[in-house]
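Numbering (my numbering), first residue to last: 21 to 192.
In structure tokens, the structure reads:
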């Protein structure tokens, strides 16, 4: 059943802190936030986008570091400063033309639960809160910020039969 849901995915949504980054929030001496992103996660997102699968961010916080990283990756769908993630779903549908059953969302903590419950494929990173893990159909082997997003991207591409074509330029 999960594999059939993966085949329908047209949009992968991600939380940031605890999913694209580890669970740490770091500030420098000037009070500027610093985030560490996993380079393999970034390539996974690019492979997904190159295969025609949309990607987007839904996060409760705003961050210049995140904006820079998304520009670098070419991810343009950003919903930041969102306090009620579940209520954002109609806006996402309007903006993307993708129905909820064709969306996946990777989350890790309590604020992610309302959106996880409303998408077709809820996914948790390995180190997610236990209540998040209980409602998700997939739990990654890797922890958030440590390749969990790449793991999901590769699984989507392989399940949809897009993997070989996606990596052709690297292995040929």
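Built from N, CA and C at the ideal position, the CB exists for glycine as well. For clarity, every value in this text was computed on a predicted model and none was experimentally measured.
Taking the alpha carbon of residue 55 as the point to measure from, which residue in 65, 146 and 85 has its own alpha carbon closest?
On the chain shown, residue 55 is found 35 positions in, with the first residue counted as 1. Cα-wise, what sits closest to residue 55 is 85.
Just to confirm the assignment, what range does the alpha helix (DSSP H) spanning residue 142 have?
What you label residue 142 is simply residue 122 of the chain shown in a count that begins at 1. No alpha helix (DSSP H) holds residue 142; the beta strand (DSSP E) holding it covers 141-144.
Of all the alpha helix (DSSP H) runs that stay within the bounds of the region 92-157, which reach a length of 4 or more residues?
If we require 4 residues or more, the alpha helix (DSSP H) runs fully inside the region 92-157 come out as 109-116, 133-136 and 150-155.
Where the alpha helix (DSSP H) containing residue 36 begins and where it ends
Within the chain shown, residue 36 is the residue found at index 16, counting from 1. Residue 36: not part of any alpha helix (DSSP H); DSSP gives it neither H nor E.
First through last residue of the alpha helix (DSSP H) which encompasses residue 62
Working through the chain shown from its first residue, we reach residue 62 at position 42. Residue 62 -> alpha helix (DSSP H) spans 59-70.
Just to confirm my understanding: we take residue 135, look at its own chain, exclude 5 residues before and 5 after, and list those with CB closer than 8 Å. What are they?
Residue 135 sits at position 115 when you count from the first residue of the chain shown. Excluding positions up to five away in sequence, the list reads 33, 78, 105, 106, 108, 109, 125 and 127.
Other residues of its chain near residue 31: CB distance less than 6 Å, five sequence neighbours each side excluded:
Within the chain shown, residue 31 is the residue found at index 11, counting from 1. 74, 116, 118 and 123.
Is residue 22 helix, strand or coil when you go by DSSP?
In the chain shown, residue 22 corresponds to position 2, counting from 1. Helix at residue 22.
Might you give, ordered along the chain, the residues of its own chain that have their beta carbon closer than 8 Å to the beta carbon of residue 147, omitting 5 neighbours on each side?
Taking the chain shown and counting its residues from 1, the one referred to as residue 147 is at position 127. Excluding sequence neighbours, residue 147 sits near 38, 43, 128, 163 and 164.
Three-way DSSP call (helix, strand, coil) for residue 178 in this model
The sequence position of residue 178 within the chain shown is 158, counting from 1. In the structure shown, residue 178 sits in a helix (DSSP, three-state: H, G or I).
Quick check on the DSSP output: the alpha helix (DSSP H) that includes residue 189 runs from which residue to which?
Numbered from its first residue, the chain shown carries residue 189 at position 169. That run of the alpha helix (DSSP H) goes 183-191.
Can you check whether the C-beta of residue 107 is within less than 9 Å of a C-beta belonging to chain C?
Annotation note: the requested chain C is absent from the structure, which comprises a single protein chain.
Contacting residues, own chain, Cβ-Cβ under 6 Å from residue 22 (five flanking each side not counted)
As a position in the chain shown, residue 22 is number 2, starting the count at 1. 157, listed in sequence order.
Going by Cα to Cα distance, which pick from 137, 70 and 176 is closest to residue 24?
Sequence index remark: in the chain shown, residue 24 carries index 4 (1-based). It is 176.
Would you grab the beta carbon distance between residue 155 and residue 187 for me? Rounded to a whole angstrom, and I think it's under 8 Å.
Looking up residue 155 in the chain shown gives position 135. Looking up residue 187 in the chain shown gives position 167. Not confirmed; about 32 Å, so no contact.
Reduced DSSP secondary structure (H/G/I, E/B, other) of residue 74
Residue mapping note: residue 74 aligns to position 54 of the chain shown, counting from 1. Note: residue 74 maps to strand in three-state DSSP.
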